[in-house]
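The sequence shown runs 1 to 876 under my numbering. Where a beta carbon is used, it is the ideal one built from N, C-alpha and C, also for glycine. Worksheet for the structure shown next.
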Amino acid sequence: MDMRYVEFTYGDSFFYDRLDRPDARRRSTLLTPEPYDLSPDPDWNRWETTQTHGWHHLRPPLADLPEQGWKIHVSATLDNAAALLHLVSQYCGRHDIAFKFRPTRGDLLRSNLKYADRGSSGKFITVYPAGDQACERALTEIDDLVGRFEGPYILSDLRWNAGPLYLRYGGFRLLQVRDERDQLVAAIRRPDGVLVPDQRRPGFTPPEWLELPSFVHTAREQLSSGEEPFDYGVRKSLHYSNGGGVYLAERYRDGAVVVLKEARPHAGLGPDGRTAVQRLAGEQQRLERLRGVAATVDVLGHFQRHGHHFLVLEYIEGRSLSQELAARHPMTRAGATTQDRSEFRVWALDVLAQVEAGLREIHDRGEVHGDLHPGNILITPEGKARFIDLEADGAQAPLAGAPGFTALDGRSGVRADLYSLASLKIALFVPLTRLLPLDRHKARHLLDWARHRFGLEPAYCAEVLEQLDDRRPRPTAVHVRRMEELAATWPVESVEKLETALTRGIWESLDLSRPDRAFPGDIRQFTHEALSVAHGACGVLLAAPGTEQQREDVLDWVCDALERTPLPRPGLLDGMTGIGYTMRRFGRDEVADRLSAAVGELDFDALPSSLYSGLAGIGLDLLGQEGAASLAALEQIRKVLHSRADAPPARSGLLHGASGVALFWLCSFEVSGDPVELERARQALAVDLAACVELADGSLLVREPRRTVPYLGFGSIGVAMVAMRLLEHMDDEELRRVVRQVIRLTRAEFTVQSGLFNGRAGYVLFLAAVQASPFAGQISRVDLVRHTRDLGLYALVHGTGIHFPGEQLLRASVDWASGSAGVLTALRAFAATVHGAPAPVLPIPGLLPRKAPQVTNNERRPRVLHPDQLDRELVN
């Protein structure tokens with residue numbers, strides 16, 4: 001799970017949102033935006049101040065900061081932050097030194113949560129001295145003021161003495177460069193003037209070309225001289241978080257293999273304010289009281305090194321239940337049989353029986369687990385279930401726990417464990433329990449799906465619902481009840497009703513009073529994509545234009561945002577190109593021309609190649625424009641992309657890989673007629689094909705370091721979409737094989753997410769495109785209907801409309817890439833294929849087949865089948 005999303009669940013119970021909103025509904029008083037005060041001595045009115053991304057920047061008048069240099073970081077705890085800021089701001093104010101700080105208690109807590117970024121966690125204040133001598137002087141003098149204070153260790157930096165001060169060489173100004181993954185990242189400049197990535201890793205790693213000043217050398221030597229002997233040899237890391245790591249290790253004195261669990265002091269805070277050290281101490285006490293319980297692990301010892309606490313635990317060979325589930329679940333494979341489902345059901349029920357028995361024994365000892373979920377259950381090679389990670393304080397109502405396994409109604413102790421167990425009984429069959437807090441009916445929906453597929457007993461399902469004990473009141477409004485019935489039945493034979501419900505939900509969520517976003521969507525809205533096609537207002541408008549007045553109001557909001565903020569990124573899906581596309585489509589040509597001109601003035605050599613944010617996407621948009629400036633920019637993009645042919649992007653897929661570049665060359669060929677460009681498209685696509693792997697079930701997926709990916713945006717479905725388009729212009733058996741193998745992967749019945757780029761809606765869009773190709777067939781038509789029907793698994797009733805979860809399923813989103821607007825696009829593609837409705841607007845030019853699907857022949861129309869009929873079709 002991408003833990004960045006957890007932070008944005010604390011601000012609202014249904015949508016991803018920011019915690020620093022005054023009206024945010026917080027589950028913890030520690031997350032309030034209580035501001036920190038600067039020292040009153042300096043005259044701050046003379047200083048230039050800005051706030052960006054959780055930082056308050058202050059720059060003295062007439063200050064001319066260098067591009068880069070040695071910066072000082074000050075770490076802090078929640079208890080001493082106010083005093084530290086008073087002293088450090090007073091010093092910087094007196095000496096006219098630029099600095100920034102976390103402006104509120106909530107900002108500081110979020111930066112130091114358990115799953116915050118480990119490289120930057122703990123940073124409270126950053127001081128920017130102008131030069132090496134100024135840095136040494138400031139270090140010495142600030143240390144005299146605050147050296148007595150404590151704070152979490154900043155892993156990316158070099159510590160100065162024993163206090164809260166740290167050093168790192170990096171950029172003072174925002175410079176960006178393409179990295180090896182073809183992404184724009186923060187940059188610093190080498191002595192030869194070339195920009196290189198400003199590396200921010202856990203560990204002090206100054207640039208190799210940098211000559212370290214004497215005071216940095218001295219601090220480094222002092223740190224090395226204080227190293228203590230370590231009695232264990234670490235074989236590998238098992239898990240990392242901001243609170244510390246978990247390691248497989250060998251004890252030197254006897255060769256015993258153990259697990260070391262680390263806790264960093266003052267770090268890895270929970271929303272309740274407990275540190276990693278406090279949680280580790282609680283886990284040690286709990287495990288010692290549970291000694292002898294077969295389902296738990298034994299504590300073998302405890303020690304400290306460099307202030308870090310380590311718990312020595314018994315090593316149990318095995319894999320987490322999460323890993324076992326990913327490997328065993330039959331619905332994630334194409335062609336799973338009834339026997340496969342039956343065998344999985346037997347295995348899952350056995351595991352659940354063991355977990356329930358072990359949990360009962362823990363409860364009999366007067367203890368609770370407190371954080372039961374598949375990641376905290378180990379399955380041994382013999383098939384035995386063992387509990388790990390008992391660090392939660394189960395006696396208190398959890399403020400934060402595993403999403404989908406934690407009750408949010410205030411229950412604690414045994415009742416909270418039983419809720420987690422009931423969630424587990426759903427998750428092993430249909431791993432969508434993260435949706436349970438978002439819709440009171442979702443547990444019943446998921447159980448109905450699992451019962452139908454796996455033959456679960458009605459008594460089993462009734463017991464799960466009783467253990468969940470969801471007592472949220474039923475709505476009384478007739479319209480809401482109709483939405484609940486629509487979400488439960490999801491009648492794809494009446495797809496226009498579903499489109500209306502999604503459109504209602506989208507427009508009910510609009511809030512033009514906010515300057516930061518108009519529609520709720522992905523967390524990337526809060527950094528740079530609030531206006532964009534992928535995650536912002538423009539993508540929603542393209543998918544659900546609304547009434548003329550609604551549309552004009554949102555367009556006005558976007559134009560106002562463009563005036564009051566710096567220009568966004570240049571890309572088609574994340575920035576100016578896509579915003580211009582939207583403006584042009586809705587008649588705001590003047591704004592579109594201004595954005596196009598700004599994009600045309602950029603240094604194309606410095607931009608990524610990708611369709612999402614780089615040259616391929618910008619080029620696709622330019623292919624549809626006229627004028628000398630557009631033609632000149634298009635020719636420059638062709639030259640740059642051609643020059644990069646021997647160094648393709650490190651990432652794969654349509655959005656960030658070579659498939660997006662291939663789509664650009666293909667569409668360029670369709671404009672120019674130059675066969676060289678068609679060959680360039682084939683060669684670019686071959687790069688992503690080389691990154692694909694064939695699975696045992698005959699399907700084809702993109703191979704990433706830790707997973708294989710099928711999806712439209714990042715996986716093999718996006719690759720196959722471009723392959724189908726190429727086959728309109730060439731005869732290539734390898735490309736036909738690829739498309740057939742990707743069609744086969746859509747036979748798998750389950751995918752975790754619902755979104756267009758990273759989930760089931762992308763399957764629907766692909767299978768709808770297949771129906772307009774020579775690959776159309778009865779099986780793919782049945783699969784199109786089935787995936788469209790199973791979108792109902794994710795449907796959430798909120799207000800008087802239907803919504804869909806965003807990325808990670810923790811909150812709802814209405815954006816195009818991850819939320820309801822993308823699902824709406826998929827439904828319209830289905831309706832166009834089945835009913836001959838108008839095709840959806842797709843702001844990725846050239847992705848869909850050039851020929852519209854023919855629906856006059858009833859034999860070509862996908863039949864809308866009941867789930868029982870679908871199963872019979874699939875078996876036959």
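- Fully contained in the region 616-658 are the following alpha helix (DSSP H) runs of length 4 or more, in chain order: 628-643.
- The alpha-carbon separation between Phe454 and Phe429 amounts to approximately 8 Å.
- Linking Phe766 to Pro515 through their CA atoms gives a straight-line distance of about 36 Å.
- Runs of the beta strand (DSSP E) lying entirely within the region 108-153, each at least 3 residues long, are 123-128 in chain order.
- Following the DSSP letters along the chain, one finds Ile802 in no alpha helix (DSSP H) but inside the beta strand (DSSP E) bounded by residues 801-805.
- Secondary structure in the region 517-557: the alpha helix (DSSP H) runs of 4 residues or longer, each lying completely within the stretch, are 537-543 in chain order.
- The beta carbon of Leu87 sits closer than 6 Å to the beta carbons of Leu145, Val146 from its chain, once the five residues preceding and following it are set aside; these are given in chain order.
- Judged by their CB atoms, Ile802 and Leu502 are nearer to each other than the 8 Å cut-off.
- Excluding five sequence positions before and after Glu529, the CB atoms of its chain that fall closer than 6 Å to its own CB belong to His535, Gly536, Asp574, given in chain order.
- Take the alpha-carbon of Leu195 and the one of Pro608: they are about 14 Å apart.
- In the three-state DSSP reduction, Gly69 falls in the strand class (E or B).
- Check the Cα spacing between Arg333 and each of Pro774, Val742, Gly762, Ser773: the tightest is with Val742.
- Taking 8 Å as the cut-off, the beta carbon of Ala821 is found no closer than this to the beta carbon of Ile579.
- By the C-beta criterion, the region 423-443 is judged not to be in contact with the region 296-314, since fewer than 3 inter-stretch pairs fall below 8 Å.
- Just so you know, the alpha carbons of Ser643 and Arg760 end up roughly 36 Å apart.
- Taken through DSSP and simplified to helix, strand or coil, Gly233 comes out as strand.
- By the beta-carbon neighbour count (other beta carbons within 10 angstroms, threshold 16), Glu391 is buried.
- One Cα belongs to Gly244, the other to Asn112, and the distance between them is close to 12 Å.
- Taken through DSSP and simplified to helix, strand or coil, Leu726 comes out as helix.
- With the rule of 3 Cβ pairs closer than 8 Å, the region 518-533 counts as touching the region 815-835.
- Pro330 counts as buried, since no fewer than 16 other beta carbons sit within 10 angstroms of its beta carbon.
- Within the same chain, Cβ atoms closer than 7 Å to the Cβ of Arg472 are found at Arg440, the five residues on either side in sequence being excluded.
- Each of Phe526, Ala162, His479 was checked against the Cα of Thr800, and the nearest Cα belongs to His479.
- Where Leu810 is concerned, there is no enclosing beta strand (DSSP E), because DSSP gives it neither an H nor an E.
- Residues of the same chain with a CB within less than 6 Å of the CB of Val671, apart from the 5 flanking positions on each side, are Leu623 in chain order.
- If you check the CB distance, Trp665 and Arg651 do not come in under 8 Å.
- When DSSP reads this structure, Tyr612 sits in no beta bridge, so it has no partner.
- In this structure, the alpha-carbon of Arg828 lies about 19 Å from that of Met483.
- Closest by C-alpha distance to Ala186, out of Gly171, Gly193, Glu180, Asp192, is Gly171.
- According to the DSSP assignment, Tyr169 belongs to no alpha helix (DSSP H) but to the beta strand (DSSP E) extending over 165-171.
- Boundaries of the alpha helix (DSSP H) around Gly413: 413-427.
- DSSP, read as helix, strand or coil, puts Ile377 in strand.
- Of the residues Gln683, Ala82, Val293, Arg850, the one whose Cα lies closest to the Cα of Asp646 is Gln683.
- Spatial neighbours of Ala98 in its own chain (CB-CB distance under 7 Å, excluding positions within 5 residues in sequence) are listed in chain order as Leu58, Arg59, Pro60, Ala63, Leu65, Tyr128.
- Within the region 341-380, the beta strand (DSSP E) runs of at least 3 residues that lie entirely inside it are, in chain order, 377-379.
- Counted as a single uninterrupted DSSP element, the alpha helix (DSSP H) harbouring Phe454 occupies residues 442-454.
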